[in-house]
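Novice: Residue 8 is where the sequence shown starts when you use the numbering used here, and the numbers rise one by one after that. C-beta: ideal position from N, C-alpha, C; glycine also. Just so it is clear, the structure is predicted and the values come from calculations on it, not from any experiment.
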Amino acid sequence: MEPTPLTELTAGTPIVFGGDRVTTVPEELAAAFRPGDALTVLQDSGDLLHVPAVDRQAARIAVDAATSAFARMGEVDDAQLDAFYEAFARFLEDDAAFAPIAEANQQDVADARTRGRSTTRLVLSERMRSDMVDGLRGWARMPSVRGEVVRREEHGGWTLEQYRDRLGVIAFVFEGRPNVFADACGVLRTGNTVVFRIGSDALRTARAIVEHALDPALADAGLPAGAASLVDAPSRASGWALFTDQRLALAVARGSGAAVRQLGAVAQQSGVPVSLHGTGGAWIVGARSADVQTLRRAVHRSLDRKVCNTLNTCLIVRERADELVPQFLAGLTAAAEDLGTNPKLHVLERDRDQVPDDWLERVVPISRADGEPEEPQAETLVEAQLGVEWEWEGSPEVSLAIVDDLDEAAELFNAYSPRFILSVVAEDVGERERLAATVEAPFVGNGFTRWVDGQYALGTPELGLSNWELGRLFGRSGILSGDGIYTVRCRAIQHDPDAHR
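1. What does DSSP give as the partner residues of D172 in its beta bridges?
2. To which residues of the same chain is R451 closer than 6 Å at the C-beta, ignoring the five residues directly before and after it?
3. CB G3 to CB N316, shorter than 9 Å?
4. Per the contact definition of three or more C-beta pairs closer than 8 Å, is the segment 350 to 370 in contact with the segment 398 to 408?
5. Between R28, L225, G26 and H57, which has its C-alpha nearest T14's C-alpha?
6. Identify the continuous alpha helix (DSSP H) that holds V436 and give its terminal residues.
7. Straight-line CA distance for N319 to A289?
8. Sort L16, T47 and L46 by Cα distance to E34 and report the nearest one.
9. Would you please state the rounded distance, in angstroms, between the beta carbons of V201 and C192? I believe it to be under 8 Å.
10. Could you tell me which of E398, V306 and A215 sits nearest to R375, measuring between CA atoms?
11. Quick check: the segment 253 to 269 against the segment 382 to 395, are at least 3 beta-carbon pairs closer than 8 Å?
12. Tell me the DSSP secondary structure of Q253 in three-state form.
13. Only counting runs of 4 or more residues, tell me where the alpha helix (DSSP H) segments fall wholly within the segment 35 to 120, in order along the chain.
14. Using DSSP with H/G/I as helix, E/B as strand and the rest coil, what is R375?
15. Alpha carbon to alpha carbon, how far is R184 from G488? Give it in angstroms, no decimals.
16. Less than 9 Å separating the beta-carbons of R153 and D85?
17. Looking at the secondary structure, which residues open and close the beta strand (DSSP E) in which G471 lies?
18. Since G470 contacts G401 with CB under 8 Å, what's their CB separation in whole angstroms?
19. Does the structure place the segment 88 to 101 close enough to the segment 226 to 246 that three or more beta carbon pairs sit under 8 Å?
20. Suppose the cutoff is 6 Å on Cβ atoms and the five residues either side in sequence are ignored; what does the same chain contact list for I500 look like?
21. Between A72, F24 and L36, which lies nearest to D51 when the distance is taken from Cα to Cα?
22. Roughly how many whole angstroms lie between the Cα atoms of V176 and E82?
23. Which residues does DSSP pair with G452 in a beta bridge?
24. Would you be able to state if there are at least three C-beta pairs under 8 Å between the segment 328 to 341 and the segment 301 to 312?
25. What runs of the beta strand (DSSP E), each 3 residues or longer, lie entirely inside the segment 393 to 423?
26. Could you say which of L143, A18 and R159 lies nearest to R498 if we only look at CA atoms?
27. Can you find the residues in the same chain that come closer than 7 Å, C-beta to C-beta, to T212, ignoring five residues on each side of it along the sequence?
28. Can you list, in chain order, the residues of its chain with a C-beta nearer than 7 Å to that of I373? Leave out the 5 residues immediately preceding and following it.
29. May I have the straight-line CA-CA distance separating E440 from A297, to the nearest angstrom?
30. Where S75 and R479 are concerned, what is the direct C-alpha to C-alpha distance, given to the nearest angstrom?
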């Protein structure tokens, strides 16, 4: 019996999810649903995601183009890929080509500010433009791993070789950071194709980059049209539609924690492999053997801007709290002064006595996306809130808790952190190694946290940073890069025509 297409929804209809739970269709969803739309039911939460037909079509068009291009990418040589990256960089450098991109970005930024949206990562500044150009040329310089033999086994009369090869169509859903275009195009380095879906705040900018730099670069290098395709739709539903397309070899999500987790659930239950790069925020532990100046500097240098590797939560051992808390506060204050603003502190309720009264009593302007409201400089929180990632705009914002020992520090990190970055400020190597062995984190250091970056740490253009929130990574580091997106194939080379088992 042929399944019947879903053409309407009725308010109150029960929907089973997770095998043993039920939710119901709300009136708003029932009223909005039209023929051609789709409904995605998240099996972990029961969320009902409405995907309008227009968003399904936008995603399908982009994946169609990338799939068609992938079929031809096997014939593209490394020189053409080098030429693509160089041409893309050249168009971005050219003031005439960049002018409409800059104008589109200015409009996106103005609209975002009008709506009280954060523009920290949206502005296509000269520094970001330069970084995009450098990143593209970095991809051009990177040697190809396509065809590289990783293992060879000689048998009687025949040889087995395992070699790296292109993976497929890679989908990216990311927040309004225009530079991700340069980052994500790195997947072409290994012969893959890419589909982008950018946040609505930056869609004008994205369209302009495609029209005035990306598409001309593909054409100049002789790469197939559609090798890098934009999902031209403002609704986040287009991202849901994209991540349900089983033609994808890998779905990569970057952005805020909740949105990325939702996208990951959509892909996973659709059978699409997914790499999530969302919830961030680093943790620092001030251990018994911590040097006071090292802690202050680590805090200061981990708060220059809000990104995923910014310090979010600091834990200090109780027996050193009297010495280390003032240094933590000094580092936080220094970071705010660098930014010309005031810091914001959240301290665990039980530990409020460790913070000077004037921090809790003082009301100061705090730089937010929608202005500078007057707020208490320090507020208390409960233990479960230690994992809240503070998405600050201009004012560095951090949580503080005092722990009895390193065992409690590890327990809190594993329970509430995004299992991402831990810095253990300790002169005693044993203390550092003990925590590294007991926490679930792919990135561990002993000073500032902002080193966690593919370009900065490895000299490799980065596609994203993965945490261990959903488990340890299989077969790769937490840094996802274009040269790391490949599959391994096997080929047999028979020398003796009479070889047999």
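Specialist: The structure says:
1. What you label residue 172 is simply residue 165 of the sequence shown in a count that begins at 1. Its beta-bridge partners are T494.
2. Numbered from 1 along the sequence shown, position 444 holds the residue referred to as residue 451. Checking the sequence, you will find Val at residue 451 rather than Arg. Same-chain partners within the cutoff: L429 and A443.
3. Lying outside 8 to 508, the shown extent of the chain, residue 3 is not represented and no answer is given.
4. yes
5. Translated into positions along the sequence shown, residue 14 becomes position 7. T14 has its Cα closest to that of H57, out of R28, L225, G26 and H57.
6. Walking along the sequence shown from the start, residue 436 turns up at place 429. V436 to T445 is the extent of the alpha helix (DSSP H) around V436.
7. The residue given as residue 319 occupies position 312 in the sequence shown. The residue given as residue 289 occupies position 282 in the sequence shown. Each residue's alpha carbon lies about 5 Å from the other.
8. Here the question's residue 34 lines up with position 27 in the sequence shown. If we check each option's Cα against that of E34, L16 comes out closest.
9. Counted from its first residue, the sequence shown places residue 201 at position 194. Counted from its first residue, the sequence shown places residue 192 at position 185. Between C192 and V201 the Cβ distance is about 6 Å, and since that is below 8 Å, they are a contact.
10. Counting from 1 along the sequence shown, the entry for residue 375 is found at position 368. When only C-alpha atoms are compared, the closest one is E398.
11. No, the segment 382 to 395 does not touch the segment 253 to 269.
12. Position 246 of the sequence shown holds residue 253. Here Q253 sits in coil by DSSP.
13. 60 to 80 and 85 to 100
14. Position 368 of the sequence shown holds residue 375. Strand.
15. On the sequence shown, position 481 is the one that residue 488 refers to. On the sequence shown, position 177 is the one that residue 184 refers to. In the sequence on display, residue 488 carries Ser and not Gly. Spanning the two alpha carbons is a distance of roughly 17 Å.
16. Counting from one through the sequence shown, the residue named residue 153 turns up at place 146. Counting from one through the sequence shown, the residue named residue 85 turns up at place 78. Going by C-beta atoms, R153 is nearer than 9 Å to D85.
17. Numbered from 1 along the sequence shown, position 464 holds the residue referred to as residue 471. It spans E469 to L472 - the beta strand (DSSP E) in which G471 sits, taken as one unbroken run.
18. Here residue 470 corresponds to residue number 463 of the sequence shown, with the count starting at 1. Here residue 401 corresponds to residue number 394 of the sequence shown, with the count starting at 1. The sequence given here has Leu at residue 470, not Gly. About 28 Å separates the two Cβ atoms, so there is no contact after all.
19. With the cut-off at 8 Å, the segment 226 to 246 and the segment 88 to 101 touch.
20. As a first step, residue 500 is located in the sequence shown; it is residue number 493 there, counting from the start. T166, listed in sequence order.
21. In the sequence shown, the residue the question calls residue 51 occupies position 44. Closest option to D51, Cα to Cα, is F24.
22. Translated into the one-based positions of the sequence shown, residue 176 becomes position 169. Translated into the one-based positions of the sequence shown, residue 82 becomes position 75. Taking the straight line joining both Cα atoms gives about 16 Å.
23. For the purposes of this step, residue 452 is taken as residue 445 along the sequence shown, with counting starting at 1. Answer is S430, bridged to G452.
24. yes
25. 404 to 410
26. Sequence index remark: in the sequence shown, residue 498 carries index 491 (1-based). Cα-wise, what sits closest to R498 is R159.
27. One-based indexing of the sequence shown puts residue 212 at position 205. Excluding positions up to five away in sequence, the list reads I108, A111, N112, D115, L131 and P185.
28. As a working note, residue 373 is residue 366 in the sequence shown. Take I373, set aside five residues on each side of it, and the residues of its chain with a beta-carbon closer than 7 Å to its own are N349, K351, E379, P380, E382 and S402, in chain order.
29. As a first step, residue 440 is located in the sequence shown; it is residue number 433 there, counting from the start. As a first step, residue 297 is located in the sequence shown; it is residue number 290 there, counting from the start. When rounded, the separation of the alpha-carbon atoms in E440 and A297 is 14 Å.
30. The residue given as residue 75 occupies position 68 in the sequence shown. The residue given as residue 479 occupies position 472 in the sequence shown. In this model, S75 and R479 are separated by some 34 Å (Cα to Cα).
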